[in-house]
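Participant: The structure follows.
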Amino acid sequence: MPELPEVETVRAGLARHVLGRRVDGIAVRGTRVTRRHDGGEADLVGRLRGRTFTAAVRRGKFCWLLLDEPGEAVLFHLGMSGQLLVRPEGHDEPTAPHLRVRLELDDGTALDFVDQRTFGYLAVPDLVPTADGGPGGLGSDVPALPAPVAHIARDLLDPVVDRRALAAALRRRRTEVKRALLDQTLVSGIGNIYADEALWRARLHGARPADALRPVEAARVLDGAAAVLADALAAGGTSFDALYVDIDGRSGWFERELAAYGREDLPCPRCGTPIRREAFANRSSYSCPHCQPRPRRSGRTAG
DNA sequence: CCCGGATCCTGCTGGC
DNA sequence: TGCCAGCAGGATCCGG
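Sequential numbering from 21 applies to the first sequence in our numbering.
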C-alpha cells in the first residue's frame, strides 16, 4: 500500500514523536511479523528492550530507527497494509484488529505496528557499510544501511541521485518501462500508483520498452516521477481509506490529485479521453489512451 | 546475470 | 440473501 510519500510521512511522524524515547516494553502478536528477523522474536525483543531511538531514516519504502546501541537499528517495512500509530498515554486497545507489535515507550505512549495483510515486518538487522555513501533518504546520513536495504537503490527525493545517470541506467533495462520504474534496485520508492502517475505525466505507455526510450523520454518519466512523489508528499500522501493514515491517524489528500490511477472511465485531466484500465502483473495499470498510446509493436526489448 | 511469474496474507466488493 | 471470484498501495524467491 504505502509508497514513498506515505512512508516518508510516517518517517517524519516518527521523528516528531519517538526520537529520544526509550523502549520499556514489547508485545509481539503471532510469529509472522518477526519472520524476517534472524533469531526470531526472543532475540528481537532482547535487542530492542531498553534502547532509545536516536534517528528516523528512510530509503525508498524502507524506514528504520537508529538505536543508542551503536550499529543497531529497528527496521520497518509496511508491505501492502502496514501502519505505525503513536498511541497517547492511557490508550488501551491491545485487541485492536491486526495489531502485530506494540512498543511501550518511556513517556507512557505506545508505538503500534498494525498490519491487515501481514506482508509487512519488523526486524533488528545488522547494519552494513554502504558502497554508495549512506542512506541518502531524508532524515539522516549515517554511513550504513540495514542489511535488507543494502540492495535497494536511492530514491528520487534523494538529493544525491544523478538523474542523468539514472536515465541512462533505465534505458539499459531490457524490460517495459513500468516494470523498470517498479524495480527497487534501479530506483526506489515508486509503486503501482506513482508509476502510473509518472507515466501519465510523461505521456508514455508503461509497456514501452525501456531500452527503446529516447533520452528525452527517459528524462521525462523520471522528472514526472520525482514531481509526483514530491507533490504527493506535500499533500501528506494518498489515502483511499483508513488503511493508510499518518502516525497520528490522519489521512493524506493526494487521492484528489491523481490523474490516472484508479480512474477507469473517468476523463483524462489533460484531454478528456476516458482513462483505461489494463491488466498488469496480477494488478492493474491506468493510462490515457490518447496521451499514452500503446506501443504498436514491441521495440528492442521483445524484438 | 537478468527477467517474469508465483507466492505470501486478509478483507472487501460486485456479479450471479 | 449467500457465495465466490477477483482485486488491493509490495518484496522475495525461484525457475528459465
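Every residue, glycine too, gets a C-beta built ideally from N, C-alpha and C.
1. Where A32 and A76 are concerned, what is the direct C-alpha to C-alpha distance, given to the nearest angstrom?
2. Would you call E284 buried or exposed, if buried means 16 or more other Cβ atoms sit within 10 Å of its Cβ?
3. For a quick check, are the C-beta atoms of S101 and D216 less than 7 Å apart?
4. Helix, strand or coil: which one does DSSP assign to L233?
5. Mind listing, in chain order, the continuous beta strand (DSSP E) runs of no fewer than 3 residues lying wholly within the region 58–129?
6. Just tell me which of V106, K198, C83 has its CA closest to the CA of P166.
7. Is DSSP giving R42 helix, strand or coil here?
8. My assumption, with CB atoms under 8 Å, is that T54 sits in contact with G60. Please give the rounded CB distance.
9. Going by beta-carbon coordinates alone, are G140 and L87 separated by less than 7 Å?
10. What do you reckon, are the CB atoms on G209 and L24 nearer than 7 Å?
11. Give me the Cα-Cα distance between A252 and R52, rounded to the nearest whole angstrom.
12. With a threshold of 7 Å on Cβ separation, who are the neighbours of H118 within its own chain once the five nearest residues in sequence on each side are excluded?
13. So, helix, strand or coil for A301, using DSSP?
14. With distances taken Cα to Cα, identify the nearest neighbour of F96 among P149, Q312, K81, C288.
15. Work out the CA separation of A164 and A173 for me, nearest whole Å.
Facilitator: Taking the geometry as given:
1. For A32 and A76, the distance between alpha carbons rounds to 8 Å.
2. Here E284 is exposed, its C-beta having fewer than 16 other C-beta atoms within 10 Å.
3. Not in contact: S101 and D216 (Cβ atoms no closer than 7 Å).
4. Three-state result, L233: coil.
5. Runs of the beta strand (DSSP E) lying entirely within the region 58–129 and spanning at least 3 residues, in chain order: 73–79, 82–87, 93–97, 102–107, 119–125.
6. Looking at the Cα atoms, C83 is the closest of the given residues.
7. Strand, per DSSP.
8. Indeed they touch by this definition, with Cβ atoms about 6 Å apart.
9. In this structure, L87 does not lie closer than 7 Å to G140 by Cβ.
10. In terms of Cβ geometry, G209 and L24 form a close pair [threshold 7 Å].
11. Distance between A252 and R52, taken at the CA atoms: about 31 Å.
12. V134, D135, Q136.
13. Of the three classes helix, strand and coil, the one that applies to A301 here is coil, per DSSP.
14. Measuring from the Cα of F96, the nearest candidate turns out to be K81.
15. Rounded to whole angstroms, A173 to A164 spans 14 Å at the Cα level.
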